[in-house]
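Chains as they are written, first to last, in the working numbering: chain R, 1 to 269; chain X, 270 to 538. This report refers to the structure that appears directly beneath it.
Right, dumping it as structure tokens:
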């Protein structure tokens, strides 16, 4: 019952942030008044306004819950639960006018870091993924079927490896692991941010997907966890352990067979 | 008059290829009969069918023109003009279910390698860019205004640098140039294929764009040239020279000031 109410609030957050973000999408503001120039300003405006609007709703409708967010200060929790917000995941895509960014809204249990529900909202294409712990994932209220979920003969060789940017691999070891998986997988693609994870969850691919990323923040993946797990996909850290608020390395695969193979590549390096 | 007729044919090619590609988009075929497995097959099917349908139309409606294409053999020209076709530019995006790939259709004058007209068609989002030499570029029949076109105080520092993948920088010198421009530009994004160029042409960006790519084929950029030039944007090789069928290194910028700055960075390395 409490979860149903939270879910209702989460959809409201997605609605309201989506309206604000849509207003700023593909609006090149060549000259603005801000000191830092136009470059960051339009992105910052959309980011800040969308986040502020979401926090305002939460303060009214779930004042007992805390907030962990990208742009502003965290808000402590009385209920032990936290909302984890990223108004625009995929800033470069948004800034270029590519409709493959997303608003990430997660609700976590503070003592276990378990994500109770997650929404990824793409307001331009009107795609909204909803994951609730223990339930099947919905895309626009329709249950997703992931055709790669139960494939017992999946092979890394046939998968497409994804990362938003190679610049996220900071340490020597991260670069080694990324490079080695690149050699094993048939295809490697960059860009994508949260949309890579949504493609994986949705089973859109002409091939199974593997996503290997590092240098992430909690708000970059928290909402994504129940969405992927609710389709039979896998999302863990690079050791196969559950993600928590301190995780920065994320590995996601279309199914468990691919996860085991990827973990084995990593373990053997 | 002849150009008007060619333009009509070009739109027909975009219509027909778009229908075929849409049919295969986001259709994960987990198991197919082909020997190579499902991985490449769905992409190959969409690619081959779309290209074959376009070539069939050309053989009927412009039998005097030659064809340079991604998938099949080239066809010689009697008129001196060549159609340059890439049914799916952005194969990884298509294969993942991202609607940011495009069908590239160019018509060139064989003796000068001048692109007379170019279309980039994104069938899922129903976006079609049309560039004709000497005319202003259209997006869905509306003239594009590029807000960065006449900015005389543009700075590389404020621009977003783009490349589809860092793996396209093969030589030591290419990697050096890419790395150095990365240091100068404020933001660097990967992924995008033809959609980067269309974002640049459309002036969607919250910031001006620079695209630096190498390891390209003629069909990857031929159709893009009049689209970008018809908005006041720039597209040349890495020395600032006009592109031709043997070019593999492409540099595109939102305006001429940025082009000069980028060329100067390259020349000083």
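All residues carry an ideal CB built from backbone N, CA and C; glycine is no exception. Note that this is a predicted model, so its numbers are computed, not measured.
Would you say residue i lies against chain R (beta-carbon separation less than 8 Å)?
{"i": "residue 478(X)", "result": "yes"}
{"i": "residue 464(X)", "result": "yes"}
{"i": "residue 369(X)", "result": "yes"}
{"i": "residue 471(X)", "result": "yes"}
{"i": "residue 331(X)", "result": "no"}
{"i": "residue 474(X)", "result": "yes"}
{"i": "residue 308(X)", "result": "The predicted model places residue 308(X) with a pLDDT of 44, which falls under 50 and marks its position as unreliable, so this point remains unresolved."}
{"i": "residue 526(X)", "result": "no"}
{"i": "residue 361(X)", "result": "yes"}
{"i": "residue 519(X)", "result": "no"}
{"i": "residue 468(X)", "result": "yes"}
{"i": "residue 312(X)", "result": "yes"}
{"i": "residue 302(X)", "result": "For residue 302(X), the predicted model reports a pLDDT of 40, less than 50, meaning its position is unreliable; a value from the coordinates is still stated below. Cβ-Cβ to chain R under 8 Å: no for residue 302(X)."}
{"i": "residue 287(X)", "result": "no"}
Skipping 5 residues on each side, what residues in its chain have a beta carbon closer than 8 Å to that of residue i?
{"i": "residue 455(X)", "result": "426, 427, 428, 429 and 476"}
{"i": "residue 278(X)", "result": "326, 327, 330 and 331"}
{"i": "residue 149(R)", "result": "203, 231, 232, 233, 254 and 255"}
{"i": "residue 416(X)", "result": "472"}
{"i": "residue 182(R)", "result": "161 and 188"}
{"i": "residue 497(X)", "result": "400, 406, 466, 469, 470, 503, 504 and 521"}
Using the DSSP secondary-structure output, state which residues sit across from residue i in a beta bridge.
{"i": "residue 131(R)", "result": "118(R)"}
{"i": "residue 282(R)", "result": "This structure cannot speak to residue 282(R), because chain R is shown only from 1 to 269."}
{"i": "residue 103(R)", "result": "121(R)"}
{"i": "residue 377(X)", "result": "351(X) and 384(X)"}
{"i": "residue 190(R)", "result": "163(R)"}
{"i": "residue 336(X)", "result": "344(X) and 352(X)"}
{"i": "residue 143(R)", "result": "138(R)"}
{"i": "residue 480(X)", "result": "431(X) and 521(X)"}
{"i": "residue 89(R)", "result": "102(R)"}
Excluding the five sequence neighbours on either side, which residues of its own chain have a C-beta within less than 6 Å of the C-beta of residue i, listed in chain order?
{"i": "residue 407(X)", "result": "399"}
{"i": "residue 266(R)", "result": "177 and 238"}
{"i": "residue 54(R)", "result": "13, 17 and 85"}
{"i": "residue 402(X)", "result": "385 and 495"}
{"i": "residue 464(X)", "result": "369"}
{"i": "residue 394(X)", "result": "368"}
{"i": "residue 236(R)", "result": "251"}
{"i": "residue 348(X)", "result": "333 and 334"}
{"i": "residue 123(R)", "result": "18, 21 and 22"}
{"i": "residue 423(X)", "result": "477, 524, 526 and 527"}
If you drop the 5 nearest sequence neighbours on each side, which residues of the same chain put their C-beta closer than 7 Å to that of residue i?
{"i": "residue 309(X)", "result": "For residue 309(X), the predicted model reports a pLDDT of 49, less than 50, meaning its position is unreliable and no value from the coordinates is stated."}
{"i": "residue 174(R)", "result": "214"}
{"i": "residue 165(R)", "result": "190"}
{"i": "residue 485(X)", "result": "517 and 519"}
{"i": "residue 273(X)", "result": "none"}
{"i": "residue 409(X)", "result": "396 and 397"}
Under a CB-based cut-off of 8 Å, is residue i close to chain C?
{"i": "residue 436(X)", "result": "The structure shown has no chain C; the protein chains it does contain are R and X."}
Answer yes or no: does any C-beta atom of chain X fall closer than 8 Å to that of residue i?
{"i": "residue 190(R)", "result": "yes"}
{"i": "residue 96(R)", "result": "yes"}
{"i": "residue 9(R)", "result": "no"}
{"i": "residue 147(R)", "result": "yes"}
{"i": "residue 227(R)", "result": "no"}
{"i": "residue 272(R)", "result": "Within the shown structure, residues of chain R are numbered from 1 to 269, placing residue 272(R) beyond reach of any answer."}
{"i": "residue 262(R)", "result": "no"}
{"i": "residue 28(R)", "result": "yes"}
{"i": "residue 265(R)", "result": "no"}
According to the Cβ coordinates, are residue i and residue j closer than 8 Å?
{"i": "residue 397(X)", "j": "residue 377(X)", "result": "no"}
{"i": "residue 101(R)", "j": "residue 193(R)", "result": "yes"}
{"i": "residue 380(X)", "j": "residue 513(X)", "result": "no"}
{"i": "residue 314(X)", "j": "residue 340(X)", "result": "no"}
{"i": "residue 209(R)", "j": "residue 162(R)", "result": "yes"}
{"i": "residue 468(X)", "j": "residue 241(R)", "result": "no"}
{"i": "residue 458(X)", "j": "residue 191(R)", "result": "yes"}
{"i": "residue 389(X)", "j": "residue 492(X)", "result": "yes"}
{"i": "residue 50(R)", "j": "residue 75(R)", "result": "no"}
{"i": "residue 338(X)", "j": "residue 488(X)", "result": "yes"}
{"i": "residue 375(X)", "j": "residue 387(X)", "result": "yes"}
{"i": "residue 420(X)", "j": "residue 526(X)", "result": "yes"}
{"i": "residue 94(R)", "j": "residue 169(R)", "result": "no"}
*asked:* Short of 9 Å Cβ to Cβ, which residues in the region 428 to 455 of chain X face chain R?
replied: Cβ contacts with chain R come from 428, 429, 431, 432, 433, 434, 435, 436, 451 and 455.
*Residues of the region 115 to 143 of chain R with a CB closer than 8 Å to any CB of chain X: list them in chain order, please.*
Listed in chain order, the positions of the region 115 to 143 of chain R with a beta carbon within less than 8 Å of a beta carbon of chain X are 125.
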